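In the working numbering, the protein residues as written are 2 to 231. Yeah, the Cβ is synthetic: ideal placement off N, Cα and C, and Gly gets one too. Quick caveat, the model's predicted, so the values are computed rather than measured. Before any comments, here is the structure.
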């Protein structure tokens with residue numbers, strides 16, 4: 002699950018950067034697709050992680066084995082992670098209203114005649130399929146490497162702490178060099194709202210990392226120290 006959060010934040014953060022490159026209006030809000038993409042990736046990464054865990058359990062039940070090598074589990078991890086990241090965006094794109102998110106970030110819904118087929122497939126491929134694929138790959142690699150590591154238990158709090166710290170710093174660095182907001186309209190306030198959302202998500206990840214670290218240290222304190230290695 003920690004690797005799923007990191008993989009989702011990276012994958013959809015990159016997708017948000019691609020979207021930000023197409024934002025031509027309201028230049029002080031150009032960074033907001035990056036922030037919203039990273040936050041979206043945290044929650045979609047959690048969903049992908051749960052689906053990956055479910056895929057591993059289903060694979061074990063089918064093969065009637067209680068364990069397995071990390072390489073053998075990589076296929077259900079990848080399939081579950083891809084499914085978890087792909088389904089929500091696909092349902093939104095194909096069953097929701099026509100909503101362009103590429104050309105103009107603040108553009109309104111388009112008529113169905115101007116949305117379906119090429120624009121829809123382009124949006125679905127760039128902002129749903131590719132991030133879900135990247136998240137699944139990063140999740141699988143992180144899980145396999147962590148399973149082979151002797152200190153894999155520390156990933157439960159180190160990885161969320163790093164992602165949370167990155168989100169706290171993201172508004173400052175992503176918006177660096179952009180012009181100052183002008184006026185007092187909703188589009189100007191969009192940047193502040195995005196910053197609060199990103200920082201709140203980062204703070205939540207730091208709290209979860211602290212809780213995970215506290216729970217990990219509690220059994221060691223009860224037993225009088227860490228158990229000896231076999």
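- In the three-state reduction of the DSSP assignment, residue 112 falls in the coil class, being assigned neither a helical nor a strand state.
- With 16 or more neighbouring CB atoms inside 10 Å of its own CB, residue 139 falls in the buried class.
- Residue 97: not part of any alpha helix (DSSP H); DSSP gives it neither H nor E.
- C-alpha of residue 12 to C-alpha of residue 114: approximately 31 Å in a straight line.
- Between residue 137 and residue 90, the CB-CB gap reaches or exceeds 9 Å.
- Residue environment analysis places residue 94 among the buried positions, since at least 16 neighbouring C-beta atoms fall within 10 angstroms of its C-beta.
- Contact check for residue 29 against residue 176 passes: the beta carbons are separated by less than 9 Å.
- The Cβ atoms of residue 207 and residue 162 sit closer than 9 Å to each other.
- Of the residues 133, 58 and 99, the one whose Cα lies closest to the Cα of residue 82 is 133.
- Residue state for residue 179 is assigned as coil, using DSSP reduced to three classes.
- By the neighbour-count definition (other C-beta atoms within 10 Å, threshold 16), residue 34 is a buried residue.
- Residue 166 and residue 125 have their C-alpha atoms some 30 Å from each other.
- Residue burial is scored here from C-beta neighbours: residue 48 has at least 16 other C-beta atoms within 10 angstroms and is therefore classed as buried.
- Bounds of the alpha helix (DSSP H) holding residue 11 are 3–22.
- In this structure residue 84 touches residue 52 by the C-beta definition: roughly 5 Å separates them, less than 8 Å.
- Approximately 5 Å separates the beta-carbon atoms of residue 199 and residue 168; this is inside 8 Å, confirming the contact.
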